[in-house]
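Chains as they are written, first to last, in our numbering: chain A, 123 to 234; chain B, 32 to 146.
For every residue, glycine included, the Cβ atom is placed at its ideal position computed from N, Cα and C.
Have a look at the structure below before the remarks.
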Amino acid sequence: GEDVEQSLFLSVREGDSSVINCTYTDSSSTYLYWYKQEPGAGLQLLTYIFSNMDMKQDQRLTVLLNKKDKHLSLRIADTQTGDSAIYFCAERDGGATNKLIFGTGTLLAVQP
Amino acid sequence: GAGVSQTPSNKVTEKGKYVELRCDPISGHTALYWYRQSLGQGPEFLIYFQGTGAADDSGLPNDRFFAVRPEGSVSTLKIQRTERGDSAVYLCASSLSGGAGYGYTFGSGTRLTVV
């Protein structure tokens, strides 16, 4: 079945770059997403990438997609303490439902 | 409204009781999804509505769970004979006909605690 995997924890210093990695299994996924979840809050869409793209940049965020290896990464430049949160990678189901399949989330801790 | 609204934000219930969780999607969004997020996990799909009909309910864990969307707008997730294992955050998301590149807008969720 479909599966999305992420590393559980990442710690960086303020001002450094953060790279959060994700692997997925559904090769028919058309869109892949990154969501941010702060404590007690809902999911905030950060960015997404269409499967025919290799890279997408949006201000401090850079998404890289390696479709051959089914590997997705999110790079946050100049990481700030406000970036501390859980980051979820999600793939859009290739079937008719278009449901999202989420990873377990990566907790990003930014040290001042 | 401006976003997806879920009520209540918190619900504590006793084991064996019946609960209803409400989702008010963004106006005009035809697709509505329910997810369940257990502690330390990512959200897991429960059910998908396109308009008034449940197009995919394959994620509902058992027949104690049921959801409706009678007028194609507000949806209610109903859980009968609640069990402690049902404790989780229940998230609702809506989108313009399946999300495409626009993503899915999530509500803040209902935290259900079964004691």
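Discussion item. Once the 5 residues before and after Ser104 of chain B are set aside, which same chain residues still bring their CB inside 7 Å of it?
Written reply: Taking the first residue of the second sequence as 1, we reach residue 104 of chain B at position 73. Once the five neighbours on either side are set aside, the close Cβ partners of Ser104 of chain B are Pro56.
Worksheet item: Among the residues of its own chain, which have a CB less than 6 Å from the CB of Leu154 of chain A, if the five just before and after it don't count?
Response: As a working mapping, residue 154 of chain A is identified with position 32 in the first sequence. Cβ neighbours of Leu154 of chain A beyond the five flanking positions: Ile171, Leu194 and Glu213.
Worksheet item: Which bits of chain A does Phe137 of chain B rub up against, with CB to CB less than 7 Å?
Response: For the purposes of this step, residue 137 of chain B is taken as residue 106 along the second sequence, with counting starting at 1. Neighbours of Phe137 of chain B on chain A, chain order: Gly164 and Leu165.
Discussion item. Considering only their Cβ atoms, is the gap separating Glu51 of chain B from Val145 of chain B smaller than 9 Å?
Written reply: Position 114 of the second sequence, counted from the start, is the residue given in the question as residue 145 of chain B. Position 20 of the second sequence, counted from the start, is the residue given in the question as residue 51 of chain B. Contact flag unset, no.
Worksheet item: If you follow the beta strand (DSSP E) that Tyr135 of chain B is part of, which residue opens it and which one closes it?
Response: Within the second sequence, numbered from 1, the residue matching residue 135 of chain B stands at position 104. Run containing Tyr135 of chain B: none; DSSP gives neither H nor E here.
Worksheet item: Roughly how many angstroms lie between the CA atoms of Gln159 of chain A and Gly71 of chain B, to the nearest whole one?
Response: The residue given as residue 159 of chain A occupies position 37 in the first sequence. The residue given as residue 71 of chain B occupies position 40 in the second sequence. Straight-line Cα distance between these residues: approximately 12 Å.
Item to complete: Determine the direct distance from the alpha carbon of Ile198 of chain A to that of Gln233 of chain A, and round the result to whole angstroms.
Response: In the first sequence, the residue the question calls residue 233 of chain A occupies position 111. In the first sequence, the residue the question calls residue 198 of chain A occupies position 76. Straight-line Cα distance between these residues: approximately 14 Å.
Worksheet entry | In DSSP terms, what Val141 of chain A is bridged to | Looking up residue 141 of chain A in the first sequence gives position 19. DSSP output for Val141 of chain A lists A:Arg197 as bridge partner(s).
Item to complete: To the nearest angstrom, report how far apart Ala163 of chain A and Asn174 of chain A are at their CA atoms.
Response: As a working mapping, residue 163 of chain A is identified with position 41 in the first sequence. As a working mapping, residue 174 of chain A is identified with position 52 in the first sequence. Their backbone Cα atoms lie some 32 Å apart in a straight line.
Worksheet entry | Between the CA atoms of Thr83 of chain B and Arg135 of chain A - distance to the nearest angstrom | By one-based count along the first sequence, residue 135 of chain A stands at place 13. By one-based count along the second sequence, residue 83 of chain B stands at place 52. Going from the Cα of Arg135 of chain A to the Cα of Thr83 of chain B covers about 48 Å.
Worksheet item: Looking at chain A, which residues of the segment 64-95 of chain B have a Cβ within less than 7 Å of any of its Cβ atoms?
Response: Tyr64, Gln72, Gly73, Pro74, Phe76, Tyr79, Ala86 and Asp87
Worksheet item: Given 8 Å as the limit, is there contact between the segment 62-71 of chain B and the segment 118-125 of chain B, that is, 3 or more CB pairs closer than that?
Response: yes
Item to complete: Could you name the residues of chain B that Lys221 of chain A contacts, counting a contact when the two beta carbons are closer than 8 Å?
Response: The residue labelled residue 221 of chain A in the question sits at position 99 within the first sequence. In chain order: Tyr64, Phe76, Tyr79, Asp87 and Gly90.
Practice prompt. Could you tell me whether the segment 211-231 of chain A touches the segment 180-191 of chain A, where touching means 3 or more Cβ pairs closer than 8 Å?
Written response: no
Item to complete: State the Cα-Cα distance for the pair Arg142 of chain B and Val43 of chain B, rounded to the nearest angstrom.
Response: Here residue 142 of chain B corresponds to residue number 111 of the second sequence, with the count starting at 1. Here residue 43 of chain B corresponds to residue number 12 of the second sequence, with the count starting at 1. Going from the Cα of Arg142 of chain B to the Cα of Val43 of chain B covers about 8 Å.
Fill in: Spatially closest choice to Asp180 of chain A from A:Leu222, A:Ser151 and A:Leu196, by CA coordinates
Here residue 180 of chain A is taken as the residue at index 58 of the first sequence, counted from 1. Per the Cα distances, A:Leu196.
Fill in: Cβ-based neighbour list, Leu91 of chain B, same chain, cut-off 7 Å, excluding 5 preceding and 5 following
Locating residue 91 of chain B in the second sequence gives position 60, where the first residue counts as 1. So the qualifying residues of the chain are Leu77 and Ile78.
Worksheet item: Tell me which same chain residues have a C-beta within less than 7 Å of the C-beta of Ser206 of chain A, skipping the five on either side of it?
Response: Locating residue 206 of chain A in the first sequence gives position 84, counting from the first residue. These residues qualify, in order along the chain: Leu230, Ala231 and Val232.
Discussion item. For the segment 173-194 of chain A, list every residue whose C-beta sits within 7 Å of some C-beta in chain B, in sequence order.
Written reply: none
Discussion item. Cβ closer than 7 Å: which chain A residues qualify as neighbours of Gly140 of chain B?
Written reply: Taking the second sequence and counting its residues from 1, one reaches residue 140 of chain B at position 109. Ordered by position in chain A, the residues that pass the 7 Å Cβ test against Gly140 of chain B are Gly164.
Discussion item. Taking the beta carbon of Val35 of chain B as the centre, do at least 16 other beta carbons fall within 10 Å, making it buried, or is it exposed?
Written reply: Locating residue 35 of chain B in the second sequence gives position 4, where the first residue counts as 1. The residue in question, Val35 of chain B, is buried, as its Cβ has 16 or more Cβ neighbours within 10 Å.
Worksheet item: Just checking my contact of Ser106 of chain B with Phe80 of chain B at CB under 8 Å: how many whole Å lie between their CB atoms?
Response: Taking the second sequence and counting its residues from 1, the one referred to as residue 106 of chain B is at position 75. Taking the second sequence and counting its residues from 1, the one referred to as residue 80 of chain B is at position 49. Yes, Ser106 of chain B and Phe80 of chain B are in contact; Cβ-Cβ is about 6 Å, under 8 Å.
Worksheet item: Beta-carbon of Gly225 of chain A versus every beta-carbon of chain B: anything under 9 Å?
Response: One-based indexing of the first sequence puts residue 225 of chain A at position 103. Taking Cβ atoms only, chain B reaches closer than 9 Å to Gly225 of chain A, which makes this a yes.
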